[in-house]
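Engineer:
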Amino acid sequence: MPEGRHSAIIHTFEIRFEVLSNDVPQPHWSFSLYRELEKRLSFNMAGLLGEEMAMSMSQYIEPLRTGEILWHVSCWDSELAYSIARIIHSMSSIVVYDKDKQIQIRLARYTSKELTDDGLASEFLLATDAVRLMGVRVITPALHKSEGKYLLFPSIDLIYYSILGRCQIFNDRFSLRDPSLINEIIKQTRIWQYELRTVPYEINGSNVVGYRGAFQVHFDGDDEVARLSGLILSLAKYTGIGLKTPEGMGACNIVF
9 MPEGRHSAII
19 HTFEIRFEVL
29 SNDVPQPHWS
39 FSLYRELEKR
49 LSFNMAGLLG
59 EEMAMSMSQY
69 IEPLRTGEIL
79 WHVSCWDSEL
89 AYSIARIIHS
99 MSSIVVYDKD
109 KQIQIRLARY
119 TSKELTDDGL
129 ASEFLLATDA
139 VRLMGVRVIT
149 PALHKSEGKY
159 LLFPSIDLIY
169 YSILGRCQIF
179 NDRFSLRDPS
189 LINEIIKQTR
199 IWQYELRTVP
209 YEINGSNVVG
219 YRGAFQVHFD
229 GDDEVARLSG
239 LILSLAKYTG
249 IGLKTPEGMG
259 ACNIVF
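So for the sequence shown, this note's numbering puts the first residue at 9; every next one is plus one.
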(Lines of atoms letter the chains of each structure in order from A and count residues from 1; the text may use other names and numbers.)
(Lines give C-alpha, C1' and ligand atoms only; values in the text may rest on other atoms or scores of the structure.)
Protein backbone atom coordinates (compact mmCIF):
# COMPACT_ATOMS: atom_id res chain seq x y z
CA MET A 1 0.00 0.00 0.00
CA PRO A 2 1.24 3.53 -0.70
CA GLU A 3 2.29 5.68 2.20
CA GLY A 4 2.39 9.42 2.81
CA ARG A 5 0.68 12.26 1.00
CA HIS A 6 -1.41 11.38 -2.07
CA SER A 7 -0.10 13.49 -4.96
CA ALA A 8 -0.01 13.16 -8.73
CA ILE A 9 2.07 10.32 -10.13
CA ILE A 10 1.12 10.74 -13.79
CA HIS A 11 -0.09 13.83 -15.67
CA THR A 12 -2.04 13.33 -18.89
CA PHE A 13 -3.18 15.66 -21.69
CA GLU A 14 -5.58 15.11 -24.59
CA ILE A 15 -5.28 17.76 -27.29
CA ARG A 16 -7.66 17.89 -30.26
CA PHE A 17 -6.39 19.44 -33.51
CA GLU A 18 -8.27 20.29 -36.70
CA VAL A 19 -6.43 19.43 -39.93
CA LEU A 20 -6.59 22.47 -42.25
CA SER A 21 -6.41 20.41 -45.45
CA ASN A 22 -7.82 17.25 -46.99
CA ASP A 23 -4.87 15.15 -45.85
CA VAL A 24 -5.71 11.92 -44.02
CA PRO A 25 -4.15 11.96 -40.51
CA GLN A 26 -1.34 9.44 -39.98
CA PRO A 27 -0.06 8.04 -36.65
CA HIS A 28 3.53 9.07 -37.46
CA TRP A 29 2.50 12.75 -37.36
CA SER A 30 3.04 12.38 -33.62
CA PHE A 31 6.79 12.53 -34.22
CA SER A 32 6.39 16.03 -35.71
CA LEU A 33 4.27 17.08 -32.74
CA TYR A 34 6.88 15.72 -30.37
CA ARG A 35 9.65 17.66 -32.12
CA GLU A 36 7.51 20.81 -31.97
CA LEU A 37 6.97 20.29 -28.25
CA GLU A 38 10.68 19.72 -27.69
CA LYS A 39 11.51 22.90 -29.61
CA ARG A 40 9.23 25.01 -27.44
CA LEU A 41 10.48 23.75 -24.11
CA SER A 42 12.96 25.78 -22.13
CA PHE A 43 16.66 24.93 -22.52
CA ASN A 44 16.83 23.05 -19.22
CA MET A 45 13.65 21.09 -19.83
CA ALA A 46 14.65 20.24 -23.40
CA GLY A 47 17.89 18.93 -21.93
CA LEU A 48 15.88 16.71 -19.61
CA LEU A 49 13.98 15.30 -22.57
CA GLY A 50 17.14 14.78 -24.57
CA GLU A 51 19.08 12.97 -21.84
CA GLU A 52 16.30 11.15 -19.97
CA MET A 53 13.74 10.74 -22.71
CA ALA A 54 12.41 7.34 -21.72
CA MET A 55 12.07 8.47 -18.11
CA SER A 56 10.01 11.59 -18.78
CA MET A 57 7.08 11.20 -21.15
CA SER A 58 5.24 9.29 -23.87
CA GLN A 59 2.88 10.48 -26.58
CA TYR A 60 0.95 9.39 -29.66
CA ILE A 61 -1.83 10.65 -31.91
CA GLU A 62 -5.20 9.08 -32.58
CA PRO A 63 -6.75 9.89 -35.99
CA LEU A 64 -10.48 10.55 -35.54
CA ARG A 65 -13.33 9.77 -37.93
CA THR A 66 -14.09 13.49 -38.08
CA GLY A 67 -10.74 14.04 -39.82
CA GLU A 68 -9.32 15.62 -36.65
CA ILE A 69 -6.51 14.19 -34.55
CA LEU A 70 -6.37 13.62 -30.80
CA TRP A 71 -2.89 13.98 -29.35
CA HIS A 72 -2.31 11.97 -26.16
CA VAL A 73 0.59 13.11 -23.97
CA SER A 74 1.56 11.58 -20.60
CA CYS A 75 4.42 12.50 -18.30
CA TRP A 76 5.54 11.65 -14.78
CA ASP A 77 7.52 14.77 -13.92
CA SER A 78 5.60 17.69 -12.38
CA GLU A 79 7.91 20.36 -13.77
CA LEU A 80 7.62 18.91 -17.24
CA ALA A 81 3.81 18.68 -16.92
CA TYR A 82 3.66 22.38 -15.99
CA SER A 83 5.80 23.30 -19.01
CA ILE A 84 3.73 21.15 -21.37
CA ALA A 85 0.50 22.79 -20.19
CA ARG A 86 1.92 26.25 -20.89
CA ILE A 87 3.18 25.21 -24.32
CA ILE A 88 -0.15 23.69 -25.35
CA HIS A 89 -1.84 27.02 -24.69
CA SER A 90 0.51 28.62 -27.23
CA MET A 91 0.03 25.93 -29.93
CA SER A 92 -2.81 27.73 -31.74
CA SER A 93 -1.62 26.71 -35.21
CA ILE A 94 1.38 24.53 -36.07
CA VAL A 95 2.82 22.49 -38.94
CA VAL A 96 3.38 18.74 -39.03
CA TYR A 97 5.36 16.92 -41.69
CA ASP A 98 4.40 13.90 -43.76
CA LYS A 99 7.59 13.09 -45.66
CA ASP A 100 8.36 16.42 -47.40
CA LYS A 101 4.83 17.77 -47.20
CA GLN A 102 3.88 20.45 -44.67
CA ILE A 103 0.41 20.12 -43.15
CA GLN A 104 -1.09 22.84 -40.99
CA ILE A 105 -3.21 21.90 -37.99
CA ARG A 106 -5.10 24.11 -35.54
CA LEU A 107 -5.75 23.61 -31.83
CA ALA A 108 -9.43 22.98 -31.12
CA ARG A 109 -9.44 22.14 -27.39
CA TYR A 110 -7.62 20.17 -24.75
CA THR A 111 -8.18 18.51 -21.40
CA SER A 112 -5.79 17.36 -18.69
CA LYS A 113 -5.94 15.16 -15.61
CA GLU A 114 -3.74 13.71 -12.90
CA LEU A 115 -3.45 10.15 -11.62
CA THR A 116 -2.74 9.82 -7.92
CA ASP A 117 -1.44 6.91 -5.86
CA ASP A 118 -4.68 6.72 -3.85
CA GLY A 119 -6.72 6.52 -7.04
CA LEU A 120 -4.56 3.70 -8.40
CA ALA A 121 -4.68 1.86 -5.08
CA SER A 122 -8.48 2.10 -4.96
CA GLU A 123 -8.87 0.71 -8.46
CA PHE A 124 -6.58 -2.29 -8.05
CA LEU A 125 -5.19 -2.90 -4.56
CA LEU A 126 -8.46 -2.22 -2.73
CA ALA A 127 -10.85 -3.77 -5.25
CA THR A 128 -13.06 -6.62 -4.04
CA ASP A 129 -11.69 -9.04 -6.64
CA ALA A 130 -8.24 -9.14 -8.19
CA VAL A 131 -8.15 -8.67 -11.98
CA ARG A 132 -7.09 -11.95 -13.56
CA LEU A 133 -7.34 -11.18 -17.27
CA MET A 134 -6.37 -7.99 -19.06
CA GLY A 135 -6.47 -7.10 -22.74
CA VAL A 136 -3.73 -4.97 -24.31
CA ARG A 137 -4.31 -3.24 -27.63
CA VAL A 138 -1.08 -1.97 -29.18
CA ILE A 139 -2.10 1.17 -31.08
CA THR A 140 1.24 2.21 -32.59
CA PRO A 141 4.03 -0.29 -33.38
CA ALA A 142 5.97 -1.51 -30.33
CA LEU A 143 9.56 -2.70 -30.36
CA HIS A 144 11.70 -4.21 -27.60
CA LYS A 145 15.44 -4.73 -27.21
CA SER A 146 17.20 -7.34 -25.12
CA GLU A 147 20.90 -8.23 -25.01
CA GLY A 148 21.56 -6.03 -28.02
CA LYS A 149 18.85 -7.62 -30.19
CA TYR A 150 15.50 -6.19 -31.28
CA LEU A 151 12.41 -8.29 -30.49
CA LEU A 152 9.22 -8.17 -32.56
CA PHE A 153 6.97 -9.92 -30.05
CA PRO A 154 5.58 -8.89 -26.64
CA SER A 155 7.81 -10.03 -23.80
CA ILE A 156 6.24 -9.92 -20.33
CA ASP A 157 9.49 -9.15 -18.51
CA LEU A 158 10.48 -6.37 -20.94
CA ILE A 159 6.99 -4.86 -20.80
CA TYR A 160 7.03 -4.74 -17.00
CA TYR A 161 10.56 -3.32 -16.88
CA SER A 162 9.77 -0.65 -19.49
CA ILE A 163 6.82 0.55 -17.38
CA LEU A 164 8.62 0.43 -14.02
CA GLY A 165 11.79 1.97 -15.47
CA ARG A 166 9.88 5.06 -16.56
CA CYS A 167 7.65 5.70 -13.59
CA GLN A 168 10.22 5.84 -10.79
CA ILE A 169 7.97 7.68 -8.34
CA PHE A 170 5.38 4.96 -8.87
CA ASN A 171 7.96 2.36 -7.79
CA ASP A 172 8.69 4.31 -4.61
CA ARG A 173 5.05 4.78 -3.63
CA PHE A 174 4.17 1.12 -4.10
CA SER A 175 7.46 -0.43 -2.86
CA LEU A 176 8.20 -1.97 -6.25
CA ARG A 177 12.00 -1.87 -6.09
CA ASP A 178 12.34 -5.38 -4.65
CA PRO A 179 13.86 -7.59 -7.42
CA SER A 180 12.39 -10.76 -5.91
CA LEU A 181 8.88 -9.28 -5.98
CA ILE A 182 9.27 -8.17 -9.60
CA ASN A 183 10.58 -11.61 -10.55
CA GLU A 184 7.55 -13.21 -8.91
CA ILE A 185 5.19 -10.86 -10.78
CA ILE A 186 6.89 -11.76 -14.08
CA LYS A 187 6.78 -15.48 -13.26
CA GLN A 188 3.05 -15.32 -12.50
CA THR A 189 2.09 -13.44 -15.70
CA ARG A 190 1.56 -15.11 -19.06
CA ILE A 191 0.34 -14.14 -22.51
CA TRP A 192 -3.00 -15.84 -23.01
CA GLN A 193 -3.92 -15.07 -26.63
CA TYR A 194 -2.58 -12.72 -29.28
CA GLU A 195 -3.30 -11.33 -32.73
CA LEU A 196 -0.33 -9.28 -33.90
CA ARG A 197 1.39 -8.19 -37.10
CA THR A 198 4.54 -6.28 -37.94
CA VAL A 199 4.05 -2.69 -39.09
CA PRO A 200 6.54 0.07 -40.06
CA TYR A 201 6.52 3.37 -38.17
CA GLU A 202 8.16 6.46 -39.64
CA ILE A 203 10.58 8.40 -37.44
CA ASN A 204 12.50 11.28 -38.95
CA GLY A 205 12.13 9.91 -42.48
CA SER A 206 13.15 6.33 -41.62
CA ASN A 207 10.95 3.30 -41.01
CA VAL A 208 11.20 1.42 -37.72
CA VAL A 209 9.37 -1.92 -37.70
CA GLY A 210 7.38 -3.00 -34.64
CA TYR A 211 4.36 -5.13 -33.77
CA ARG A 212 0.80 -3.89 -33.54
CA GLY A 213 -2.47 -5.60 -32.66
CA ALA A 214 -3.85 -7.12 -29.47
CA PHE A 215 -2.97 -9.69 -26.84
CA GLN A 216 -4.41 -10.88 -23.55
CA VAL A 217 -2.48 -11.32 -20.33
CA HIS A 218 -3.43 -13.69 -17.51
CA PHE A 219 -2.32 -13.04 -13.94
CA ASP A 220 -1.67 -16.19 -11.90
CA GLY A 221 -0.48 -16.50 -8.31
CA ASP A 222 -2.19 -15.20 -5.20
CA ASP A 223 -4.45 -12.16 -5.07
CA GLU A 224 -1.73 -9.78 -3.86
CA VAL A 225 0.59 -10.60 -6.78
CA ALA A 226 -2.32 -10.44 -9.24
CA ARG A 227 -3.37 -7.02 -7.92
CA LEU A 228 0.14 -5.60 -8.28
CA SER A 229 0.51 -7.15 -11.73
CA GLY A 230 -2.73 -5.60 -12.94
CA LEU A 231 -1.80 -2.24 -11.44
CA ILE A 232 1.58 -2.17 -13.21
CA LEU A 233 0.28 -3.32 -16.59
CA SER A 234 -2.61 -0.84 -16.49
CA LEU A 235 -0.03 1.96 -16.59
CA ALA A 236 0.97 0.92 -20.12
CA LYS A 237 -1.90 3.15 -21.22
CA TYR A 238 0.20 6.11 -20.08
CA THR A 239 3.83 4.98 -20.34
CA GLY A 240 3.55 2.93 -23.51
CA ILE A 241 5.66 -0.21 -23.89
CA GLY A 242 9.02 -0.87 -25.51
CA LEU A 243 11.34 1.61 -27.20
CA LYS A 244 10.82 5.13 -28.55
CA THR A 245 7.55 5.89 -26.75
CA PRO A 246 8.37 9.64 -26.63
CA GLU A 247 8.52 9.52 -30.45
CA GLY A 248 5.07 7.91 -30.63
CA MET A 249 5.80 4.16 -30.65
CA GLY A 250 4.39 1.52 -28.28
CA ALA A 251 1.12 3.32 -27.45
CA CYS A 252 -1.40 1.02 -25.73
CA ASN A 253 -4.98 0.82 -24.61
CA ILE A 254 -6.00 -1.47 -21.75
CA VAL A 255 -9.24 -3.43 -21.36
CA PHE A 256 -10.24 -5.47 -18.30
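In this text, a Cβ means the ideal position worked out from N, Cα and C, and glycines have one as well.
Measure the alpha-carbon distance for residue 263 versus residue 201 and round it to whole angstroms.
Structural biologist: Along the sequence shown, read from residue 1 onward, the residue named residue 263 stands at position 255. Along the sequence shown, read from residue 1 onward, the residue named residue 201 stands at position 193. Distance between the alpha carbons of residue 263 and residue 201: 14 Å.
Engineer: By Cβ distance below 8 Å, which residues in the same chain neighbour residue 69 in space, the five residues on each side in sequence not counted?
Structural biologist: As a working mapping, residue 69 is identified with position 61 in the sequence shown. If we look at residue 69 and ignore the five residues flanking it on each side, its Cβ neighbours are 33, 35, 37, 38, 41, 77, 78, 79, 80 and 256.
Engineer: Contact check, residue 19 vs residue 120 under 8 Å by CB: the rounded distance?
Structural biologist: For the purposes of this step, residue 19 is taken as the residue at position 11 of the sequence shown. For the purposes of this step, residue 120 is taken as the residue at position 112 of the sequence shown. At roughly 7 Å, the Cβ-Cβ gap stays under 8 Å, so residue 19 and residue 120 are in contact.
Engineer: Give every residue of the same chain whose Cβ lies closer than 7 Å to the Cβ of residue 104, excluding the five residues on either side of it in the sequence, and list them in chain order.
Structural biologist: As a working mapping, residue 104 is identified with position 96 in the sequence shown. So the list reads 37, 40, 41, 111 and 113, once near-sequence residues are dropped.
Engineer: Using the three-state DSSP reduction, which class does residue 215 fall into: helix, strand or coil?
Structural biologist: On the sequence shown, residue 215 is found 207 positions in, with the first residue counted as 1. Here residue 215 sits in strand by DSSP.
Engineer: In three-state terms, what does DSSP make of residue 187?
Structural biologist: Taking the first residue of the sequence shown as 1, we reach residue 187 at position 179. Residue 187: helix per DSSP, three-state reduction.
Engineer: Please look up how many angstroms separate the CB atoms of residue 66 and residue 253, rounded, as I've assumed it's under 8 Å.
Structural biologist: By 1-based counting over the sequence shown, the position of residue 66 is 58. By 1-based counting over the sequence shown, the position of residue 253 is 245. 4 Å between Cβ atoms; contact.
Engineer: Roughly how many angstroms lie between the CA atoms of residue 261 and residue 150, to the nearest whole one?
Structural biologist: One-based indexing of the sequence shown puts residue 261 at position 253. One-based indexing of the sequence shown puts residue 150 at position 142. The straight-line gap from Cα to Cα measures roughly 13 Å.
Engineer: May I ask you to verify whether the stretch 210-222 touches the stretch 144-158, counting CB pairs closer than 8 Å and requiring at least 3?
Structural biologist: Verdict: yes, contact present.
Engineer: Flag this pair as touching only if the stretch 152-160 and the stretch 179-195 have three or more C-beta atom pairs under 8 Å; answer yes or no.
Structural biologist: Flag = no, the stretch 152-160 and the stretch 179-195 do not touch.
Engineer: By how many angstroms is the C-alpha of residue 117 removed from the C-alpha of residue 24?
Structural biologist: Looking up residue 24 in the sequence shown gives position 16. Looking up residue 117 in the sequence shown gives position 109. Computed Cα separation, rounded: 5 Å.
Engineer: Residue 97 by DSSP, collapsed to three states: which one?
Structural biologist: Position 89 of the sequence shown, counted from the start, is the residue given in the question as residue 97. Residue state, collapsed to three classes: helix.
Engineer: Whose C-alpha, out of 258, 246, 251 and 250, is nearest the C-alpha of residue 84?
Structural biologist: Numbered from its first residue, the sequence shown carries residue 84 at position 76. The shortest Cα separation from residue 84 among 258, 246, 251 and 250 belongs to 246.
Engineer: Rank 89, 130 and 107 by C-alpha distance to the C-alpha of residue 8 and give the top, closest one.
Structural biologist: Past the boundaries of the shown model lies residue 8; the chain is included only from 9 to 264, so the question cannot be answered.
Engineer: Span of the alpha helix (DSSP H) holding residue 121?
Structural biologist: As a first step, residue 121 must be located in the sequence shown, where it is residue number 113. Run containing residue 121: none in the alpha helix (DSSP H); it sits in the beta strand (DSSP E), 109-124.
Engineer: From residue 100 to residue 115, what does the alpha carbon distance come to, in whole angstroms?
Structural biologist: If you number the sequence shown from 1, residue 100 lands on position 92. If you number the sequence shown from 1, residue 115 lands on position 107. Rounded to the nearest angstrom, the two C-alpha atoms are 5 Å apart.
Engineer: Which same chain residues end up closer than 8 Å to residue 109 when comparing Cβ atoms and leaving out the 5 residues on each side of it in sequence?
Structural biologist: If you number the sequence shown from 1, residue 109 lands on position 101. Cβ within range, chain order: 31.
Engineer: Specify the secondary structure class of residue 346 as computed by DSSP and reduced to three states.
Structural biologist: The question about residue 346 has no answer, for the chain in this structure spans 9 to 264.
Engineer: Which residues does DSSP pair with residue 79 in a beta bridge?
Structural biologist: If you number the sequence shown from 1, residue 79 lands on position 71. Per DSSP, 23 and 69.
Engineer: If you reduce the DSSP assignment to three classes, tell me which class residue 245 lands in.
Structural biologist: Position 237 of the sequence shown, counting from 1, holds the residue named residue 245. It is helical.
Engineer: Please look up how many angstroms separate the CB atoms of residue 92 and residue 21, rounded, as I've assumed it's under 8 Å.
Structural biologist: For the purposes of this step, residue 92 is taken as the residue at position 84 of the sequence shown. For the purposes of this step, residue 21 is taken as the residue at position 13 of the sequence shown. Rounded, the Cβ-Cβ distance is 6 Å, consistent with contact.
Engineer: So, residue 234 versus residue 248, is the Cβ gap smaller than 8 Å?
Structural biologist: The sequence position of residue 234 within the sequence shown is 226, counting from 1. The sequence position of residue 248 within the sequence shown is 240, counting from 1. Not a contact, by the Cβ cut-off of 8 Å.
Engineer: Ordered along the chain, which non-local residues of its own chain (more than five positions away) have a Cβ less than 6 Å from that of residue 138?
Structural biologist: The residue you call residue 138 lines up with position 130 of the sequence shown. Only 231, 234 and 235 meet the Cβ criterion.
Engineer: Would you kindly check if the distance between the Cβ of residue 244 and the Cβ of residue 171 is under 8 Å?
Structural biologist: In the sequence shown, residue 171 corresponds to position 163, counting from 1. In the sequence shown, residue 244 corresponds to position 236, counting from 1. Contact: yes.
Engineer: Buried or exposed: where does residue 158 fall if 16 or more other Cβ atoms within 10 Å of its Cβ makes it buried?
Structural biologist: Here residue 158 refers to the residue found at position 150 when the sequence shown is read from its first residue. Residue 158 is exposed by the Cβ-count criterion.
Engineer: How close, in whole Å, do the beta carbons of residue 241 and residue 142 come, if the pair is a contact with beta carbons under 8 Å?
Structural biologist: Taking the first residue of the sequence shown as 1, we reach residue 241 at position 233. Taking the first residue of the sequence shown as 1, we reach residue 142 at position 134. About 6 Å; that satisfies the 8 Å criterion.
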